[in-house]
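Enquirer: FYI, in my numbering the residues of the sequence shown are 41 to 217. Built from N, CA and C at the ideal position, the CB exists for glycine as well.
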Amino acid sequence: MIRRVLSLMFLAWAIGFLWFVVALPRPAETAVTTDAVIVPTGGAGRIARGLEVLDKRLAAKMLVSGVDPEVKPGEFAAEFGVSPEAMECCVTLGFSAVDTRSNAAETAKWVAQNEVRSLRLVTTDWHMRRAAGELDRTLPDHVTVIRDAVSSRPDLGTLFLEYHKLLASRAAGLADL
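Here you go:
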């Protein structure tokens, strides 16, 4: 009996991992506009994609969540080619987040302060499900979240680790109910 239960648990885990690997989230339709774009730091191409969304006027504001406290706005602007005017009006650097859960908390606070009703979440494809799940649990129901995944080529180790982080995040979410 125990062997059957363990076999079923392993089978469920394996099918879930296969789904996770094969069905990575995709980029959003580019024509979709939102009030803001949210970019958690930590993956290649995320900030560039967020700035592209701003440049195309698909969002009016951008929060970069989880920026290292030692990074100065001028350094950020220079590294990513952001004009002083765009930094002043449109780009906010968030320094309080240290992980995906605190990215969601930092985002929720910023969304409330800026009266955002719709946002585009820009993160790496392998990170999207967990980041979006944390936002879904943190943001008010009236805020619409568009998922805009940055395509990547993650290695098996990254996928394995992220799948388990997703499972733990979902379990924590269930425990909060």
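Identify whether Val-162 lies in helix, strand or coil by the three-state DSSP scheme.
Expert: Note: Val-162 maps to strand in three-state DSSP.
Enquirer: So, using beta-carbon positions, are Leu-224 and Phe-116 closer together than 8 Å?
Expert: The shown model of the chain, from 41 to 217, leaves out residue 224, and the question about it has no answer.
Enquirer: For Leu-207, does the three-state DSSP call read helix, strand or coil?
Expert: The answer is helix: DSSP assigns Leu-207 an H, G or I state.
Enquirer: What does the Cβ neighbour count give for Leu-206, buried or exposed, with the cut at 16 atoms within 10 Å?
Expert: Buried, because 16 or more other Cβ atoms sit within 10 Å of the Cβ of Leu-206.
Enquirer: Please give the ranges of any beta strand (DSSP E) in the stretch 70-157, keeping only runs that are unbroken, at least 3 residues long and fully inside the region.
Expert: Listed in chain order, they are 76-80, 101-105 and 131-133.
Enquirer: Whole angstroms is fine: what's the gap from Ala-52's alpha carbon to Pro-113's?
Expert: Approximately 46 Å, taken between the alpha carbons.
Enquirer: Let me know the secondary structure DSSP gives Arg-187 once reduced to three states.
Expert: In this structure, Arg-187 counts as strand in the three-state DSSP scheme.
Enquirer: Can you tell me whether Val-190 is buried or exposed? The criterion is at least 16 other CB atoms within 10 Å of its CB, across all chains shown.
Expert: That one is buried.
Enquirer: Are the beta-carbon atoms belonging to Leu-179 and Ala-171 less than 8 Å from one another?
Expert: The answer is no: Cβ separation not under 8 Å.
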